[in-house]
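Have a look at the structure below before the remarks.
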Amino acid sequence: MLIVVPKEKQKGENRVALIPEFVKKLSRVGARVAIEASAGAGAGFTDDSYREAGAEVVTGIEASLKDADIVVRIHKPSSDDLASYKKGAISISYLDPFNERGLIEAMGSAGVTGISMEMIPRSTRSQKMDALSSQANLAGYVMVLKAAAALDRILPMMMTPAGTLKPSKVFVIGAGVAGLQAIATAKRLGAKVTAFDTRSVVAEQVQSVGAKFLHIDLGETGQTKDGYAVQLTPEQLEKQKEGQKAEIAESDIVITTAQVFGRKPPLIVTADAVAAMKPGSVIVDMAAETGGNVEGSRPGEVVVTEGGVKIIGTGNWSNEVPRDASQMYASNVFNLIDEFWDEEQKRMTLDFDNDISGCVITHEGELVNATIRNHYQPDKG
Amino acid sequence: MLIVVPKEKQKGENRVALIPEFVKKLSRVGARVAIEASAGAGAGFTDDSYREAGAEVVTGIEASLKDADIVVRIHKPSSDDLASYKKGAISISYLDPFNERGLIEAMGSAGVTGISMEMIPRSTRSQKMDALSSQANLAGYVMVLKAAAALDRILPMMMTPAGTLKPSKVFVIGAGVAGLQAIATAKRLGAKVTAFDTRSVVAEQVQSVGAKFLHIDLGETGQTKDGYAVQLTPEQLEKQKEGQKAEIAESDIVITTAQVFGRKPPLIVTADAVAAMKPGSVIVDMAAETGGNVEGSRPGEVVVTEGGVKIIGTGNWSNEVPRDASQMYASNVFNLIDEFWDEEQKRMTLDFDNDISGCVITHEGELVNATIRNHYQPDKG
Amino acid sequence: MALSSLIGFSYVVSAALFIIGLKMLGSPATARRGNTLSAIGMLIAVVVTLLDQGIVDFRYIAIAVAIGAVIGAVAARRVAMTSMPEMVALFNGFGGIASLLVGWAAIAPDAGGIVLTTIFLSILIGGVTFTGSLVAYGKLSEIMPGKPLMFKGQAVVNSAVIIAIFVAGYLFVQQPENLSYLYAAIALAVVFGVLVVIPIGGADMPVVISLLNSYSGLAACAAGFAINNNLLIVAGSLVGASGIILTNIMCKAMNRSLSNVLFSGFSKVKSMDMKIEGEVKPITADDAFYVLEAASTVAIIPGYGMAVAQAQHAVKELQELLEENGAEVIYGIHPVAGRMPGHMNVLLAEADVSYDLLLEMDDINPRMETVDVAIVIGANDVVNPAAREMEGSPIYGMPVINVDKARTVFVLKRSMASGFAGIDNPLFFKENTRMVFGDAKETLSHLIREFG
Amino acid sequence: MALSSLIGFSYVVSAALFIIGLKMLGSPATARRGNTLSAIGMLIAVVVTLLDQGIVDFRYIAIAVAIGAVIGAVAARRVAMTSMPEMVALFNGFGGIASLLVGWAAIAPDAGGIVLTTIFLSILIGGVTFTGSLVAYGKLSEIMPGKPLMFKGQAVVNSAVIIAIFVAGYLFVQQPENLSYLYAAIALAVVFGVLVVIPIGGADMPVVISLLNSYSGLAACAAGFAINNNLLIVAGSLVGASGIILTNIMCKAMNRSLSNVLFSGFSKVKSMDMKIEGEVKPITADDAFYVLEAASTVAIIPGYGMAVAQAQHAVKELQELLEENGAEVIYGIHPVAGRMPGHMNVLLAEADVSYDLLLEMDDINPRMETVDVAIVIGANDVVNPAAREMEGSPIYGMPVINVDKARTVFVLKRSMASGFAGIDNPLFFKENTRMVFGDAKETLSHLIREFG
Amino acid sequence: MEVYIFLTFILMLSVILGFELIHKVPATLHTPLMSASNAISGITLIGAIVLAGKSADPQMATLLGAAAVAFATINVVGGYMVTDRMLGMFKKKGDKK
Amino acid sequence: MEVYIFLTFILMLSVILGFELIHKVPATLHTPLMSASNAISGITLIGAIVLAGKSADPQMATLLGAAAVAFATINVVGGYMVTDRMLGMFKKKGDKK
Ligand SMILES: NC(=O)c1ccc[n+]([C@@H]2O[C@H](COP(=O)([O-])OP(=O)(O)OC[C@H]3O[C@@H](n4cnc5c(N)ncnc54)[C@H](OP(=O)(O)O)[C@@H]3O)[C@@H](O)[C@H]2O)c1
Ligand SMILES: NC(=O)c1ccc[n+]([C@@H]2O[C@H](COP(=O)([O-])OP(=O)(O)OC[C@H]3O[C@@H](n4cnc5c(N)ncnc54)[C@H](OP(=O)(O)O)[C@@H]3O)[C@@H](O)[C@H]2O)c1
Ligand SMILES: NC(=O)c1ccc[n+]([C@@H]2O[C@H](COP(=O)([O-])OP(=O)(O)OC[C@H]3O[C@@H](n4cnc5c(N)ncnc54)[C@H](O)[C@@H]3O)[C@@H](O)[C@H]2O)c1
Ligand SMILES: NC(=O)c1ccc[n+]([C@@H]2O[C@H](COP(=O)([O-])OP(=O)(O)OC[C@H]3O[C@@H](n4cnc5c(N)ncnc54)[C@H](O)[C@@H]3O)[C@@H](O)[C@H]2O)c1
């Protein structure tokens, strides 16, 4: 069974979908791995290190792609790429299935088995394959570092001979995986951290990393069985904005990570809330690339508002620590392949009785994933 | 008594020598303050806030400079500037007196009283005026943030479903004020920190911020009565380089802060030590602008070596957190003026019986500072 | 001073020495000196007793003392360090038979009811102590099978013996001159001693010895009443009372109640066919302390509950105390513990727990069998053996930290509630698991103070 | 049962109740019930005593009891809460005089030497307790001047009285029929009680009362020997022994030694012209605990030594315990504390000390006078009052944290060594400063365990 | 003589017990504890009662005994009541927490 | 009768004292403590001595007494020595730390 890892094409992408450590493990269970030359360079892995681990390092990847049984990437393949895949090949990558209808249909018709890393279910057992979590976790850390670097102050309190520097205030909106790690990191650096989330169970989790939870009474909110947030009603959203106002105004750093699974992220920080902040303050909008939690954020950019507030919308956060990010992504991918690995036949065999197969979108020409099918054709069910 | 604060001219400088809080305090004791328009903008202080505090905001500063009794800056004035000072005016700023012979002689002949912020003695009592310390402290924090941002990994340990990320190793060479703060900050972020310094008393201080001290037997080293390091002999320096080798090679981040008072900083990390580091590692050379502790560092730049090691020599570190840096510098300056303030005459009167007057370099046309005089004309004494 | 006062006051001194000695025995620093003081007290008592004017002939005494001293000394010197417990059991038995004999010898034709009652008690308790100790000795030295010995109708037999003892006692006090009652009483006591100890397992023997030791004190006390001797009363009741307390402490350290130790053998016969799975065994922090104190390897498994309780500093403190106490402490960090990746790392780093002590799941699991106590602090899903054992479970197949393989498991949580995954945890019902209910931080603080 | 046995066994019960009561009085949760139990013990004792066949006439008893009960009850009910200590002193005095009277009344022509000796002791101790307590009462209620009363030759007078007491005692035992010796003994006892207490300052009175209380126990005990009564002996010696221990504890809580309390008055006369400045007063962590326990505002001043000892977690723990104990805890952070700017902040944040508790120097100094205990943890230069007081000092003029203005200052450091600035610290020699030598972390751990 | 030995035994045991009991008392309980043990020391009362009731004639000993009874009763009754009042206060303070 | 009251007093005091003394003993001391108190319970020895020496004729009581002396002596001598050996080991273990 041949596993092929092309170099990521997206501009500025430094991560790589497999690292030598897992190449070695895959070889050990009986797979062959081919990787495009210099694919790991951005994350600090040399071609030699891949060779040592047992991979074939290829310069023109197209040829290998044709033979590939599994293609592992971080970002989704292009439709062109798909053309060269053989029928029955398995494609593992982020797919953005809710928005990439065209690509997914192309996969279907190419007979490619498309696995979406976003659709790994959120169970305790599948956490080791959950790339959304592993990358969000790093994102939480990176966002705080970026905010701290952009801020014109330091985060911790210091009582010094040259006066007392008060601790900076950090407000984190949305305390999922990324939000919690952001809280913990800001806390570590000595900031005074407050957080808010619409899911009520999160209050305890926020306190469990040592921060304060901002209580805003929104009425019933709820969460899905996978632990994702449910979309707020417009009234609730209004209440939330109102409730956050004071906290945002007196914060030095605001970090937003709010997401609603399968939908555009909610806009929760409006321009007037931004305007009320002190000049020099910093906002990090984690969701800038997918629509934004903050009014005025621009994907991939740092915007300085008239009031002197910096809105960071860089995106692709975990890419800032590509070595660790690649290691974690590769570990997720390896665990996924391993889960479905058939030791005797030495191949990956999907088992649709296993819950985890929820991440499979297309298989043998069919759109097998019910959630996605539903999303495209809501009426058909 | 008129205190004048010109806008800093150095490129990229965001700090300002006085902030509204201390303008207010100075007005209260009876001084007048004039500040150049938009001088505080980079640090987040608007002209209005200065006006509210009681300062006059001036657009062409030259006129005010002529009347100034005290001129407060961060960076040294140019010789041109000096021309417009009136006789007997007091100039407070960094002066770099060991190297700026020309400037100091110009001050002398202009009859300007030149105070060097670098020459504030290092006593417990004078710490509140000690700008070297206050800025070095912030530098320590900033250097770690910069290093963390440049590193392709995260600093803390994380045991996650996608594998365990080992804590990054940070090695700090030189544990003075900046070094200690760097250690503490890296420690806070969860790194495994080791440090080295030539002064033996520092071992305990390093442990007191929770890090490990690397013991290298250099023989007798010693320190000056002000607590500054004494220059090492060439043999000692060799021993040090040898002793650090292994630690540097396995560190993810190396931060150097070694300084010897009144001399060029020692070169302590050689090119081969850099070459032995892993690709993706980061070195921060605090001293890059004044000669450098690291071979290959370039002032004001980030150099990536062939081996993939980033050497950060940005310099002017505290300028990255201009708001806090300005606050602390201003506090130092205020404390200095206040120390010599004559309440009755409402003016600053130098008192040469006070130890702190060691920071005065020229006075009434004379080079009054013995250390500096000695430095220029070692034989004359 | 009259001789009798000299003896009397010397007894006061001996008694004081016993008391001080016992007190000193309670702390490692002074224990040895305490033992010496106590021995000196004994020496004084023996020497002044020899001055007693009632003693007209020293021959028998001299011979008996010589024999006893030689046997005692040789036995004490020869015995291997590992066989100490059975040696103590044996000595204890001799103490019991001595009380029995003293009681017997004290029977005087003119004795009143009270004296006779105390004599009877002395004989009874002495006899029980004697044979009970011998059986304990047998079990410990593996001369007898160590496992609980049970037979059908045991309860009935025991009850019959007890009733017979009461009857014999009554008759003896009424007609002391009729020696057959006396012999009957002796026989019954001796039999009862055996009956009481055989159904108890070898592992519980130390508790039994301690209890019998307490009895031998009571026997001495009864003998004291019989022959009207203060010192016997003081020493006997000291031993009796402190023995009971010690027994109790030992039970706690073994995670058992006294009645559980004494009657578990009996009850098992009755409940042979009952299922006793699924019992939750709570334990107080106080009692948990005794177990921890005796542990030499402790594994700490933190989970989300530690984070909620913000107990990380207390955990570190406990770790340090355990280390001071000579134990090795390691942490087992499950990759999904907590609510965010690296959750435990953040907290433990805050508390300055050394990175070297944090073991990954794969590193700690192979060591788990050598761990004396695994302390699960607010973790649930990550230590759930259902992942290994219950095919149907939603977490089946996920690797977990196998705390149930440790000798003893303490689970610190507030209730029996389930964790994030919402599934029950069979760990809580395992034989070697003890639940310490309450907020984790409070429980830990409690434990920490116990170490003070 | 014979009446005398009934009385005897009832006494056993009363004694047990006293013991249990006293034990329960040692813990806040059970103290009140303990007091009640003890009172019940007393009631039982009194009631059964009335059954004594020696009592032929109840008239005097009835009248005396009625008078006493009314006075006692009214006094106890009326007294203001703030005057409790003097009331206790007064009651104690009455206990003393009662012992004196019992001893006196027990004198019988046929009494032997031992009985007479105990009678004499009863009278002597009773008398001393009586007048001593009265003086204590006077000082506390401010009827008498509270300050130590001294006169020239006091030591000589005291010695003379002591010798006279011995002589009178000897003569009394030899010739009990000669009443003048008896009266002399009574007079001397009464005078001695006054002499002993007047040179002690009002602030030390609680210790004195506790000591006199212990004496009154001893007096009861002596009376017990005199009239051959078990219960008096048990109760008396319980009170005597526990009183001594309590006295000792109270001394520690006041930072004094017992001899210092008792004889400070005397010694001052002798050393009027000696300079006693510059004395360093070390204190153990044990003793420091008692002071902390009673404090309601505690300020913690950390310095470089806290960092060296890495004691931040222990500091936080102590803070929490103090807060649980009802105290308010604040931190005073000097800007130059430690070896880098913000050094203390880093460490305290690591230990999760709330930012709100950290006061800047300018905020804590005005509050310092209301602070009961300031704990200086490894700080030195930043609390050096030389900066305020000694013009020549190199740090003169630098603002410092004025811990010396707090009621009591504990300085936790390892030695008398100086800090970074290398200058001596007059704080260590101040009247209200106690040095707790040792590594700061160990000292703190010790304190923490004491709170357990 | 015999009796004195018993008494000495009892004395020894009680003294040790007294020391053991009052091991570590919190400072807040010092005053009530002192006051309660003060009340216990009023046990002289029972000695006094016996002496005061010894005869119907107002002999010296009887009068002395009666006086002793009165004083001791004050000590006992007042002592226990004062202690109880103090401890009552305590309770309330404790409850507030 | 009187005597029994004394004895009861002594019993009561000793029992309470026994309970107080063995408050919280570390697990490591359980065995030596048990063994030492076992040795103390050999105090029956002194009762036995009196009985064994009562007469020169080998009466029943004398013989019983002598046997009792022998057994009790084993208990006492062996008990103290064994305890001492155990505690000796301890010392060494403690020292190593
Ligand atoms: N690591 C991640 O990234 C991540 C993210 C999301 C979800 N998860 C999931 O979270 C779970 C983690 O497992 P876990 O064992 O750490 O936690 P868990 O299974 O959620 O159990 C935590 C336990 O702590 C107890 N607890 C809560 N507060 C406490 C307190 N104050 N004192 C004492 N006990 C307290 C609770 O029991 P009581 O209520 O009885 O006290 C609860 O059973 C896994 O299922 C994992 O999949 C992990
Ligand atoms: N904050 C800054 O930026 C900075 C920088 C450089 C210098 N300084 C100077 O440092 C000084 C700071 O004052 P400070 O009061 O914090 O410290 P300090 O005056 O240096 O005193 C620290 C004290 O801690 C004690 N100590 C050390 N280790 C200890 C341990 N393990 N346990 C208990 N005590 C211990 C030492 O006494 P023993 O040896 O007797 O234990 C010492 O006297 C000032 O003079 C300041 O000017 C400050
Ligand atoms: N069991 C597992 O294995 C597992 C793995 C990973 C995550 N999880 C859980 O899944 C949950 C979701 O995690 P995620 O980080 O992927 O979520 P996400 O990225 O979908 O959303 C981020 C956060 O934004 C919040 N949010 C949504 N709308 C908001 C609004 N208007 N205002 C403020 N906050 C808003 C959500 O509640 C969520 O906490 C978390 O509780 C996490 O613990 C579980
Ligand atoms: N008393 C006060 O008020 C006060 C104020 C500020 C600083 N200080 C003390 O002054 C001392 C110097 O502080 P600084 O930060 O300004 O020093 P610095 O900037 O002059 O030097 C930085 C550090 O580099 C070290 N160093 C020199 N040569 C080295 C080499 N070859 N290898 C490794 N390290 C080398 C020095 O020992 C020093 O610790 C510190 O001990 C500080 O605590 C005292």
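Protein chains in written order, with numbering that gives the first Met the number 0: chain A, 0 to 380; chain B, 0 to 380; chain C, 0 to 451; chain D, 0 to 451; chain E, 0 to 96; chain F, 0 to 96. Here a beta-carbon is modelled for each residue, glycine too, at the ideal position from N, C-alpha and C. Everything numeric in this text was worked out from a predicted model, so none of it was measured.
Check	Outcome
Please list the residues of the segment 66-85 of chain D that have a C-beta atom closer than 8 Å to any C-beta atom in chain E, keeping them in chain order.	Ile66, Gly67, Ala68, Ile70, Gly71, Ala72, Ala74, Ala75, Arg76, Val78, Met80, Met83 and Pro84
Give the secondary structure of C/Gly168 by DSSP, where H, G and I count as helix, E and B as strand, and everything else as coil.	helix
Against chain D, with Cβ distances strictly below 9 Å, would E/Ile4 count as a contact?	no
Just checking my contact of C/Ala14 with C/Leu230 at CB under 8 Å: how many whole Å lie between their CB atoms?	6 Å
Within 10 Å of its beta-carbon, does C/Tyr169 have 16 or more other beta-carbons around it, so buried, or fewer, so exposed?	exposed
With a threshold of 9 Å between beta-carbons, can B/Ala275 be considered close to chain A, or not?	no
Apart from the five residues on each side of it in sequence, which residues of its chain come closer than 7 Å, Cβ to Cβ, to D/Ala74?	Met86
Under 8 Å Cβ-Cβ, which residues of chain D neighbour B/Thr123?	Val335, Asp380, Pro393, Ile394, Met397, Phe419 and Ala420
Would F/Leu12 pass as an interface residue toward chain E - the criterion being a Cβ-Cβ separation below 9 Å?	yes
From this set, B/Ser63, B/Ser92 and B/Gly87, which residue's C-alpha is nearest B/Ser77's C-alpha?	B/Ser92
Report the option in A/Ala270, A/Leu349, A/Gly110 and A/Gly189 whose CA atom is closest to the CA atom of A/Lys165.	A/Gly189
Is it right to say B/Asp354 is buried, meaning 16 or more other beta carbons lie within 10 angstroms of its own, or is it exposed?	exposed
What is the DSSP secondary structure of C/Ile300, reduced to helix, strand or coil?	strand
Per the contact definition of three or more C-beta pairs closer than 8 Å, is the segment 210-219 of chain D in contact with the segment 148-162 of chain D?	no
Which residues, in chain order, does the segment 16-41 of chain F contribute to contact with chain E at a C-beta distance below 8 Å?	Leu16, Glu19 and Leu20
Measuring CA to CA, which of C/Gly126, C/Glu176 and C/Gly200 is closest to C/Ala188?	C/Gly126
In the DSSP assignment, what residue or residues form a beta bridge with A/Gln222?	A/Ala228
At a CB-CB cut-off below 8 Å, which residues of chain A make contact with C/Pro340?	Ser132, Ser133, Asn136, Val176 and Gln180
Just to make sure I have the definition right: I need the residues of chain D whose C-beta is within less than 7 Å of the C-beta of F/Phe70. Which are they?	Those within 7 Å of F/Phe70 in chain D number zero; the least Cβ separation is about 33 Å.
Under the assumption that C/Ile60 contacts F/Ala51 (Cβ atoms under 8 Å), give the Cβ distance between them as a whole number of angstroms.	5 Å
Among A/Lys127, A/Asn315, A/Arg372 and A/Glu288, whose alpha-carbon lies nearest the alpha-carbon of C/His333?	A/Lys127
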